[in-house]
Amino acid sequence: MQQTKNTTRVFNFSAGPATLPLVVLEKIQAELLNWHNCGMSVMELSHRSSEFKNIVDESQKNIRELMQIPKNYHVLFLQGGGRSQFAMIPMNILGDFSSAAYVDNGIWSQIAIAEAKIYTNVNVVASGEGSKYKEIPTQKEWRDFSKDAYLYYVDNETVNGIEYQFVPETGDVPLVSDMSSNILSRPFDVSKYGIIFACAQKNLGTAGITMVIIRDDLLNRSVVANTPSMFRFQNHVNDNSLYNTAPTFSWYVVNEVLKWVKAEGGLAALAKHNATKAKKLYDYIDASDFYFNDIDSKFRSRMNVVFRCKTEELDDKFEKQAQLQGLTGLKGHRYVGGLRASIYNAMPQEGIDALLEFMDHFAKSH
Ligand SMILES: *Cc1c(COP(=O)(O)O)cnc(C)c1O
Numbered sequence: 007m008q009q010t011k012n013t014t015r016v017f018n019f020s021a022g023p024a025t026l027p028l029v030v031l032e033k034i035q036a037e038l039l040n041w042h043n044c045g046m047s048v049m050e051l052s053h054r055s056s057e058f059k060n061i062v063d064e065s066q067k068n069i070r071e072l073m074q075i076p077k078n079y080h081v082l083f084l085q086g087g088g089r090s091q092f093a094m095i096p097m098n099i100l101g102d103f104s105s106a107a108y109v110d111n112g113i114w115s116q117i118a119i120a121e122a123k124i125y126t127n128v129n130v131v132a133s134g135e136g137s138k139y140k141e142i143p144t145q146k147e148w149r150d151f152s153k154d155a156y157l158y159y160v161d162n163e164t165v166n167g168i169e170y171q172f173v174p175e176t177g178d179v180p181l182v183s184d185m186s187s188n189i190l191s192r193p194f195d196v197s198k199y200g201i202i203f204a205c206a207q208k209n210l211g212t213a214g215i216t217m218v219i220i221r222d223d224l225l226n227r228s229v230v231a232n233t234p235s236m237f238r239f240q241n242h243v244n245d246n247s248l249y250n251t252a253p254t255f256s257w258y259v260v261n262e263v264l265k266w267v268k269a270e271g272g273l274a275a276l277a278k279h280n281a282t283k284a285k286k287l288y289d290y291i292d293a294s295d296f297y298f299n300d301i302d303s304k305f306r307s308r309m310n311v312v313f314r315c316k317t318e319e320l321d322d323k324f325e326k327q328a329q330l331q332g333l334t335g336l337k338g339h340r341y342v343g344g345l346r347a348s349i350y351n352a353m354p355q356e357g358i359d360a361l362l363e364f365m366d367h368f369a370k371s372h
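Counting in the numbering used here, the sequence shown runs from 7 upward without gaps.
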């Protein structure tokens with residue numbers, strides 16, 4: 007448990023919505039009733055007001071600075087979560103092509119593939135199925151994708167607990183990446199990508215808003231017929247993501263998280279913290295004969311650490327007892343079972359220490 011001025015908080019290891027930095031929550035609480043002396047909550051501000059425009063401009067500036075986003079990219083803040091992008095990307099980026107390439111690394115890849123199939127032929131260039139999604143096939147083994155509209159992959163598979171440690175080389179084929187669960191966890195070279203997107207409820211803020219970084223030339227492609235206005239990137243670009251009433255509160259939270267990331271020292275500093283946190287946890291699991299993670303270190307996620315006890319029964323017991331100790335959200339995804347500790351940017355070092363202490367205690371008493 008964490009003691010704060012006003013309350014007792016658990017360490018929340020949920021995969022998403024996930025824990026937020028305590029200082030951000032305290033700031034939101036402090037300015038909830040009267041945001042920046044405008045006499046009302048940020049929730050009550052018009053999305054077209056000059057006050058809200060400050061948040062729009064600041065968040066653009068902050069994300070561009072943090073991720074070093076080149077000038078020829080637009081940053082959009084949209085609704086519909088990560089999943090809307092599974093449709094929006096083929097709808098807007100297929101253009102005159104008759105297929106799109108996808109790498110199947112696990113559950114989020116598969117959901118995106120199924121959605122893309124509504125609009126086009128999908129060329130699955132590689133699949134982790136043979137390794138039960140414990141490995142990411144090296145690019146040498148991928149099928150040809152030179153005739154596809156784009157190549158899509160999931161940089162961090164939240165459910166399976168695997169993460170890329172390389173950026174696919176795609177030449178002229180635009181690279182599209184779902185970074186919902188690892189955006190801002192380390193520096194990424196944005197110039198290598200055509201599109202990067204991330205829902206906010208893991209590393210960026212609260213549910214209800216999704217960030218899309220898109221290279222401007224991709225807006226020249228013809229859009230699939232009958233695409234609704236809300237699903238056209240160009241409309242959001244034209245209106246600076248204020249095409250309709252924006253999710254103002256979620257946007258404000260994202261901006262506060264971005265300010266926090268800057269104060270923490272930016273992405274290089276966070277990458278270091280994250281590597282330390284993940285290493286502590288994996289080292290402990292590897293040294294133990296009670297807990298297991300059979301993913302090769304080359305593929306292990308630094309954000310979602312999946313593990314198991316010897317039996318499913320023990321997994322259940324672990325999860326329930328951890329909950330009583332103020333360690334929540336440790337149940338593995340319903341598709342894969344087991345346990346999972348999601349340790350995003352906002353999970354403090356003390357959360358890892360508390361989890362390790364509990365793991366040690368649980369192992370010794372079982
Ligand atoms: C959480 C997650 C999503 C889902 O986003 P929604 O906002 O629930 O639609 C998509 N992709 C990945 C990799 C995720 O972890």
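We put the CB at the ideal spot given by N, CA and C, even for glycine.
Please report the residue range of the alpha helix (DSSP H) in which R70 lies. S56 to M73
CA-to-CA distance, M185 to V160, given in whole angstroms: Spanning the two alpha carbons is a distance of roughly 6 Å.
Between the C-alpha atoms of I112 and H367, what's the straight-line distance to the nearest angstrom? It is Gly, not Ile, that sits at residue 112 in the sequence shown. Using only the alpha carbons, I get a separation of about 32 Å.
In three-state terms, what does DSSP make of V109? strand
Looking at H80 and V1, is the spacing between their C-beta atoms short of 7 Å? What is shown of the chain runs 7 to 372, which leaves residue 1 out entirely.
In three-state DSSP terms, what is Y249? Coil.
Tell me whether R89 counts as near ligand 1, meaning its Cβ is closer than 6 Å to at least one heavy atom of that ligand. yes
To the nearest angstrom, how far is it from the Cα of Y288 to the Cα of N299? 8 Å
Does ligand 1 have a heavy atom nearer than 6 Å to the CB of V160? yes
Segment contact flag, the segment 71-78 with the segment 144-160, C-beta cutoff 8 Å, min 3 pairs: no
Consult DSSP for N78 and reduce its assignment to one of helix, strand or coil. Of the three classes helix, strand and coil, the one that applies to N78 here is coil, per DSSP.
Please state the DSSP three-state secondary structure of E262. Under the three-state reduction of DSSP output, E262 falls in the helix class.
I want to know whether the segment 23-32 touches the segment 228-235 - three or more CB-CB distances under 8 Å. no
Short of 8 Å in beta carbon distance, which residues of its chain neighbour K140, apart from the five on each side in sequence? Order them along the chain. Same-chain partners within the cutoff: G134, N166, I168, D300, I301, D302 and F305.
Along the chain, which unbroken stretches of the beta strand (DSSP E) at least 3 residues long are found entirely within the segment 209-239? Listed in chain order, they are 216-221.
Use the C-beta contact count for S104: other C-beta atoms within 10 angstroms, 16 or more gives buried, fewer gives exposed. exposed
Could you say which of M217, P174 and P180 lies nearest to S187 if we only look at CA atoms? M217
With three or more beta-carbon pairs closer than 8 Å as the criterion, would you say the segment 83-92 touches the segment 251-263? yes
With DSSP collapsed to three states, give me the class of T282. helix
Spell out a yes or no on whether the segment 14-25 and the segment 352-370 are touching, meaning 3 or more CB-CB pairs, one atom from each, closer than 8 Å. Pairwise C-beta distances place the segment 14-25 in contact with the segment 352-370, as three or more of them are shorter than 8 Å.
Taking 6 Å as the cut-off, is the CB of V164 close to at least one heavy atom of ligand 1? At residue 164 the sequence reads Thr, which differs from the Val that was named. Checking every heavy atom of ligand 1 against the Cβ of T164, one is found closer than 6 Å.
Can you have a look at P76 and say buried or exposed, based on whether 16 or more other CB atoms are within 10 angstroms of its CB? Within a 10 Å sphere around the beta-carbon of P76 sit fewer than 16 other beta-carbons, which makes this residue exposed.
By a C-beta neighbour count over all protein chains shown, 10 Å radius and 16 as the cutoff for buried, is Y4 buried or exposed? The first residue shown for the chain is 7 and the last is 372, placing residue 4 beyond what the model contains.
For V229 versus R238, is the C-beta distance shorter than 7 Å? yes
For L361 and L333, which I take to be in contact (beta-carbon distance under 8 Å), what is that distance rounded to the nearest angstrom? 6 Å
How far does the beta strand (DSSP E) with G201 in it extend, from its first residue to its last? The sequence shown places Ile at residue 201, rather than the Gly named in the question. From DSSP, the beta strand (DSSP E) with I201 extends over I201 to C205.
Candidates W114, T144, S55 and L100: which alpha carbon is nearest T126's? L100
According to DSSP, is A132 helix, strand or coil? In the structure shown, A132 adopts extended strand secondary structure according to DSSP, grouped into three states.
Report yes if the C-beta of C205 is less than 6 Å from at least one heavy atom of ligand 1; otherwise report no. yes
With a Cβ-Cβ cutoff of 7 Å, do T164 and N18 count as a contact? no
If you measure between the beta carbons of S65 and V260, is that distance less than 7 Å? yes
At the level of alpha carbons, what is the spacing between T176 and S183? 12 Å
Please look up how many angstroms separate the CB atoms of A277 and P193, rounded, as I've assumed it's under 8 Å. 7 Å between Cβ atoms; contact.
Which class does N310 belong to by DSSP, given the choice of helix, strand or coil? The answer is strand: DSSP assigns N310 an E or B state.
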